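Written out below as structure tokens is the structure these notes cover.
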Amino acid sequence: MSNGVGIWRCVGCKTAVFPQRLLCPHCHGEKFEPDRVSEGVVEEVSVIRHMIGQTDWKPRRIANVRTAGGPFLTVGLRDESGPGTVIDLFEEEGAPYGKARAGG
Ligand SMILES: [Zn+2]
Numbered sequence: 000m001s002n003g004v005g006i007w008r009c010v011g012c013k014t015a016v017f018p019q020r021l022l023c024p025h026c027h028g029e030k031f032e033p034d035r036v037s038e039g040v041v042e043e044v045s046v047i048r049h050m051i052g053q054t055d056w057k058p059r060r061i062a063n064v065r066t067a068g069g070p071f072l073t074v075g076l077r078d079e080s081g082p083g084t085v086i087d088l089f090e091e092e093g094a095p096y097g098k099a100r101a102g103g
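Shown next as structure tokens:
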């Protein structure tokens, strides 16, 4: 488990993007450097109840998360966090996840 989720940040104007783009949406710069965001606020939660081709699929909760000064991310939820909850972001096996911040 690693702390935070990888995003990309424009070298020129520091605008954060995810996924990586060819050009910065703000200054049209072409250079990005990897950065990480470690928290966000849940905007919307959806549940994926079925997956085509998967017979042993368990319902999964997916959150659309607004990161501080950064882009929106779609992450898997590891708890019952709902809209408005501040969650910690982390990666497991390369996939982004979130869960409610410990202690509040
Ligand atoms: Zn830029």
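Per numbering that gives the first Met the number 0: the sequence shown ends with 103, consecutive numbering throughout. Built from N, CA and C at the ideal position, the CB exists for glycine as well. Quick caveat: nothing in here was measured; it's all calculated off a predicted structure.
If residue i sits next to residue j, beta carbons under 8 Å apart, how far is it from one beta carbon to the other, in whole angstroms?
i	j	result
Val36	Ile6	6 Å
Leu88	Gly97	5 Å
Pro82	Val41	5 Å
Quick check on residue i: buried or exposed, where buried means 16 or more other Cβ atoms within 10 Å of its Cβ?
i	result
Ser80	buried
Arg59	exposed
Val107	It is not possible to answer for residue 107, since the shown part of the chain is limited to 0 through 103.
Ile86	buried
Thr66	buried
Pro95	buried
Thr84	buried
Arg8	buried
Gly39	buried
For ligand 1, I want to know if residue i counts as a neighbour, meaning its beta carbon is within less than 6 Å of at least one of the ligand's heavy atoms.
i	result
Gly68	no
Gly11	yes
Thr54	no
Thr14	yes
Gly39	no
Gly28	yes
His25	yes
Using a beta-carbon distance below 7 Å, is residue i in contact with chain D?
i	result
Lys13	In the structure shown, chain D cannot be found, because there is only a single protein chain.
For the pair the stretch 69–76 and the stretch 12–32, tell me if three or more CB-CB distances fall below 8 Å. yes
Completely contained beta strand (DSSP E) runs for the stretch 35–61, where each covers 3 or more residues: 38–47
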